[in-house]
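In terms of this note's numbering, the sequence shown has 638 at position 314, counting the first letter as 1, and numbering is strictly consecutive.
Beta carbons: idealized from backbone N, C-alpha and C, even for Gly.
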Amino acid sequence: MRVLGIETSCDETGIAIYDDEAGLLANQLYSQVKIHADYGGVVPELASRDHVRKTVPLIQAALQQANLTADDINAVAYTAGPGLVGALLVGATIGRALAFAWQVPAVAVHHMEGHLLAPMLEAQPPQFPFVALLVSGGHTQLIQVTGIGEYTLLGESIDDAAGEAFDKTAKLLGLDYPGGPLLSQLAQQGVTGRFTFPRPMTDRPGLDFSFSGLKTFAANTARTHGDDPQTRADIARAFEDAVVDTLAIKCKRALEQTGLNRLVVAGGVSANRTLRDKLASVMQQRGGHVFYPRPEFCTDNGAMIAYAGMVRLNSPQTSLGVTVHPRWPLAQLTPVGQ
Ligand code: KG4
Ligand code: ZN
325 MRVLGIETSC DETGIAIYDD EAGLLANQLY SQVKIHADYG GVVPELASRD HVRKTVPLIQ
385 AALQQANLTA DDINAVAYTA GPGLVGALLV GATIGRALAF AWQVPAVAVH HMEGHLLAPM
445 LEAQPPQFPF VALLVSGGHT QLIQVTGIGE YTLLGESIDD AAGEAFDKTA KLLGLDYPGG
505 PLLSQLAQQG VTGRFTFPRP MTDRPGLDFS FSGLKTFAAN TARTHGDDPQ TRADIARAFE
565 DAVVDTLAIK CKRALEQTGL NRLVVAGGVS ANRTLRDKLA SVMQQRGGHV FYPRPEFCTD
625 NGAMIAYAGM VRLNSPQTSL GVTVHPRWPL AQLTPVGQ
C-alpha cells in the first residue's frame with residue numbers, strides 16, 4: 325500500500341510517498357522562505373500562489389524519485405488543516421482531484437497529527453502511550469497520547485506559540501524570517517548568564533505556556549543595554565535558555581502527572597539543538613526515553629502527511645471538512661427580500 329502525501333499548509337510545499345512495507349520511497353520539499361523574507365513573515369496570498377506553481381511538479385518529481393507511476397499510488401493524503409486557508413486549499417484541491425482521477429481514496433490529514441506521528445518514521449519509533457510536546461510556529465501543546473487519534477490535551481500556549489516567540493524575538497534582534505534557526509545560531513555566540521529571562525508560568529501549577537512576555541523582555545533588555553553584536557547574542561542566549569528551560573519544566577511536570585516516561589517532541593522548534601540536548605538529558609536522568617523526528621522532519625514536510633494518511637486510511641475519521649468558496653460568482657448570492 326502506497327500513499328502520496330501533500331503538505332501545503334503554510335510556506336513549505338512537501339510531497340512524499342510512503343509504503344507500508346518499504347517505508348519512505350520519496351520525499352520532496354520546496355521552501356518558500358525567499359519569497360516571504362522581504363516581508364518579514366508569510367504573506368498568505370503569495371504562499372497560495374507558489375503552492376499552485378510547485379505542488380504538481382513536486383508530485384511528478386516524487387513519482388520519479390520512487391520510480392513509480394500514478395498507477396502505483398493507492399491513496400492520496402493531504403493536509404486539511406490547521407493552516408492558511410488558501411494554502412490548504414491548493415493541496416486539498418490537487419489531492420482530491422488526483423484521488424478522483426486515479427480512483428483511489430483521499431485522506432484529509434490533520435497537520436499537527438502529522439507532526440505528532442513524524443517520529444514514527446525513524447528506525448526506533450516510540451511505543452504508545454507517551455507524552456507529546458508539539459512545538460511549531462502556530463502551536464505549543466502538551467498531549468497525552470494513548471494511541472493514534474487518542475489525544476488528551478494537557479496544556480497549551482495561551483498566547484504566542486514557541487516558534488512564533490522565536491520568530492518575533494529574532495525579528496526585533498534584526499534577524500531575517502524565519503528567525504527561529506537564526507536566533508538559535510546567534511545564541512551560540514552568547515554568554516550564558518549575562519541576562520536571565522523569566523520562565524513564564526512555571527511558578528504556578530498547570531501545563532499551559534505563555535511566551536509573549538519573553539519577546540517584550542528581550543525588547544526591553546535591548547533598549548537598556550544597547551544592541552551591539554555581543555549584547556544581541558547574549559539576549560538570544562538568554563531567550564533560548566528561557567524557552568528551553570520552560571518547555572523542559574513543563575515536560576517533566578506532564579510526565580509526573582501522567583506517570584509516563586516516554587516523551588515525543590515534534591514540530592519546527594524540535595529541530596532546536598539546545599532543546600533536543602536539554603530534553604535528552606532530562607529523560608536520561610529520569611531513566612526514560614525521548615523521541616524526535618530527524619531534523620528535516622521536525623519542520624513541515626510531506627513525509628509526515630503521507631505517514632499520517634497511511635494510518636488513517638482505514639479509519640472513519642478521515643474528513644476535517646475544509647469548506648470554502650475560492651470562486652464565488654455574485655450571481656450565486658441569494659437575494660435579500662425587500
Ligand atoms: O512546524 P513548522 O515547520 O511549521 C508550523 O507548523 O508552524 O514550524 C516552524 C517554526 C518557525 O517558527 C521556526 O522559526 C521554528 O519552527 N524553528 C525553530 C528552529 N527551526 C525551526 N525554532 C528554534 N530553533 C530552531 N532550530
Ligand atoms: Zn507544521
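Around the Cβ of residue 623, are there at least 16 other Cβ atoms within 10 angstroms (buried) or fewer (exposed)? Within the sequence shown, numbered from 1, the residue matching residue 623 stands at position 299. By the 10 Å Cβ count, residue 623 comes out buried.
Can we count residue 624 as close to the ligand ZN, meaning its CB is less than 7 Å from some heavy atom? Reading the sequence shown from its first residue, position 300 is the one you call residue 624. Indeed, a heavy atom of the ligand ZN lies less than 7 Å from the Cβ.
Excluding sequence positions up to five away, which residues of its chain have a Cβ less than 8 Å from the Cβ of residue 625? Along the sequence shown, one-based indexing puts residue 625 at 301. Excluding sequence neighbours, residue 625 sits near 331, 336, 338, 340, 351, 353, 442.
Environment of residue 547 [buried if 16+ CB atoms lie within 10 Å]: For this step, residue 547 is matched to residue 223 along the sequence shown. Per the 10 Å Cβ criterion, exposed.
Decide yes or no for the touch test of the stretch 443 to 454 against the stretch 613 to 621: beta carbon pairs closer than 8 Å, at least 3 of them. yes
Under the rule that 16 or more other beta-carbon atoms within 10 Å means buried, what is residue 568, buried or exposed? On the sequence shown, position 244 is the one that residue 568 refers to. That one is buried.
By how many angstroms is the C-alpha of residue 498 removed from the C-alpha of residue 507? For this step, residue 507 is matched to residue 183 along the sequence shown. For this step, residue 498 is matched to residue 174 along the sequence shown. C-alpha separation (whole angstroms): 10 Å.
In terms of alpha-carbon separation, which member of 589, 395, 502 lies closest to residue 364? For the purposes of this step, residue 364 is identified with residue 40 of the sequence shown, where counting begins at 1. For the residues 589, 395, 502, the minimum Cα distance to residue 364 belongs to 502.
Should residue 643 go down as buried or exposed, given a rule of 16 or more other Cβ atoms within 10 Å for buried? Mapped onto the sequence shown, residue 643 falls at position 319. Here the model assigns residue 643 a pLDDT of 47, short of 50, so the residue's position is not dependable and the matter cannot be decided.
Would you check if the distance between the CB atom of residue 328 and the CB atom of residue 627 is smaller than 8 Å? What you label residue 328 is simply residue 4 of the sequence shown in a count that begins at 1. What you label residue 627 is simply residue 303 of the sequence shown in a count that begins at 1. No, the Cβ-Cβ distance between residue 328 and residue 627 is not below 8 Å.
Secondary structure of residue 363, DSSP reduced to three states: Looking up residue 363 in the sequence shown gives position 39. Here residue 363 sits in coil by DSSP.
Helix or strand or just coil, what does DSSP make of residue 518? Position 194 of the sequence shown, counted from the first residue, corresponds to residue 518. In this structure, residue 518 counts as coil in the three-state DSSP scheme.
Residue 355 - containing alpha helix (DSSP H), residue span: Position 31 of the sequence shown, counting from 1, holds the residue named residue 355. Element bounds for residue 355: not the alpha helix (DSSP H) but the beta strand (DSSP E), 347 to 355.
Going by DSSP, what residue range makes up the alpha helix (DSSP H) through residue 564? Indexing the sequence shown from 1 puts residue 564 at position 240. That run of the alpha helix (DSSP H) goes 553 to 582.
For residue 508, which of helix, strand or coil comes out of DSSP? Position 184 of the sequence shown, counted from the first residue, corresponds to residue 508. Note: residue 508 maps to helix in three-state DSSP.
Throw me the rounded Cβ distance for the residue 384 and residue 371 pair, which I believe falls under 8 Å. If you number the sequence shown from 1, residue 384 lands on position 60. If you number the sequence shown from 1, residue 371 lands on position 47. 21 Å between Cβ atoms; not a contact.
Beta carbon of residue 566, beta carbon of residue 522: below 8 Å? In the sequence shown, the residue the question calls residue 566 occupies position 242. In the sequence shown, the residue the question calls residue 522 occupies position 198. Yes, the pair counts as a contact, with Cβ atoms nearer than the cut-off.
Note down the Cα distance separating residue 589 from residue 459, rounded to an integer number of angstroms. Stepping through the sequence shown from its first residue, residue 589 is reached at position 265. Stepping through the sequence shown from its first residue, residue 459 is reached at position 135. Roughly 8 Å between the two C-alpha positions.
Expressed to the nearest angstrom, what Euclidean distance is found between the alpha-carbon atoms of residue 373 and residue 427? Within the sequence shown, numbered from 1, the residue matching residue 373 stands at position 49. Within the sequence shown, numbered from 1, the residue matching residue 427 stands at position 103. Computed Cα separation, rounded: 27 Å.
Does the distance between the C-beta of residue 435 and the nearest non-hydrogen atom of the ligand ZN fall short of 7 Å? For this step, residue 435 is matched to residue 111 along the sequence shown. At least one heavy atom of the ligand ZN is nearer than 7 Å to the Cβ of residue 435, so yes.
For residue 355, is the beta carbon positioned less than 7 Å from some heavy atom of the ligand ZN? As a first step, residue 355 must be located in the sequence shown, where it is residue number 31. Answer for residue 355: no, Cβ out of range of the ligand ZN.
Alpha carbon to alpha carbon, how far is residue 405 from residue 411? Counted from its first residue, the sequence shown places residue 405 at position 81. Counted from its first residue, the sequence shown places residue 411 at position 87. Answer to the nearest angstrom: the Cα atoms are 10 Å apart.
Chain-order list of residues whose beta-carbon lies under 6 Å from that of residue 403 (same chain, five-residue window excluded): In the sequence shown, residue 403 corresponds to position 79, counting from 1. Hits under 6 Å: 331, 333, 415, 433, 435, 629.
Please check the pair residue 295 and residue 560, which I expect to be a contact at CB under 8 Å, by giving their CB distance rounded to whole angstroms. Shown here, the chain extends from 325 to 662; a query on residue 295 therefore has no answer.
Quick one: give me the first and last residue of the beta strand (DSSP E) that residue 331 is part of. Position 7 of the sequence shown holds residue 331. Looking at the DSSP string, the run of the beta strand (DSSP E) that includes residue 331 is 326 to 331.
Is the distance from the Cβ of residue 449 to the Cβ of residue 637 below 8 Å? Counting from one through the sequence shown, the residue named residue 449 turns up at place 125. Counting from one through the sequence shown, the residue named residue 637 turns up at place 313. Contact: no.
With burial defined as no fewer than 16 other Cβ atoms inside 10 Å of the residue's Cβ, what is the status of residue 418: buried or exposed? Translated into the one-based positions of the sequence shown, residue 418 becomes position 94. With 16 or more Cβ atoms within 10 Å of its Cβ, residue 418 is classed as buried.
For residue 654, three-class secondary structure by DSSP: Counting from 1 along the sequence shown, the entry for residue 654 is found at position 330. Low confidence applies to residue 654: its pLDDT is 38, below 50, so where it sits in the model is not reliable, and the reading given next is rough at best. Residue 654 falls in the helix class under three-state DSSP.
Which of helix, strand or coil DSSP assigns to residue 269: What is shown of the chain runs 325 to 662, which leaves residue 269 out entirely.
Which term fits residue 467, buried or exposed, when burial requires 16 or more other beta carbons within 10 angstroms of its beta carbon? As a working note, residue 467 is residue 143 in the sequence shown. Counting Cβ neighbours within 10 Å, residue 467 comes out buried, since at least 16 surround it.
Would you mind sorting residue 325 into buried or exposed? The rule is 16 or more other CB atoms within 10 Å of its CB. Translated into the one-based positions of the sequence shown, residue 325 becomes position 1. It is exposed - the Cβ of residue 325 has fewer than 16 other Cβ atoms within 10 Å.
What are the complete alpha helix (DSSP H) segments, minimum 4 residues, inside the stretch 436 to 469? none
Given a cut-off of 8 Å, decide if residue 557 and residue 496 are closer than it, judged by their beta-carbon atoms. As a working note, residue 496 is residue 172 in the sequence shown. As a working note, residue 557 is residue 233 in the sequence shown. No, these two residues do not count as a Cβ contact at 8 Å.
Stretch-stretch touch, CB-based, cutoff 8 Å, three pairs: the stretch 470 to 479 with the stretch 590 to 599: no
At 4 residues or longer, what runs of the alpha helix (DSSP H) sit wholly inside the stretch 578 to 625? 597 to 610
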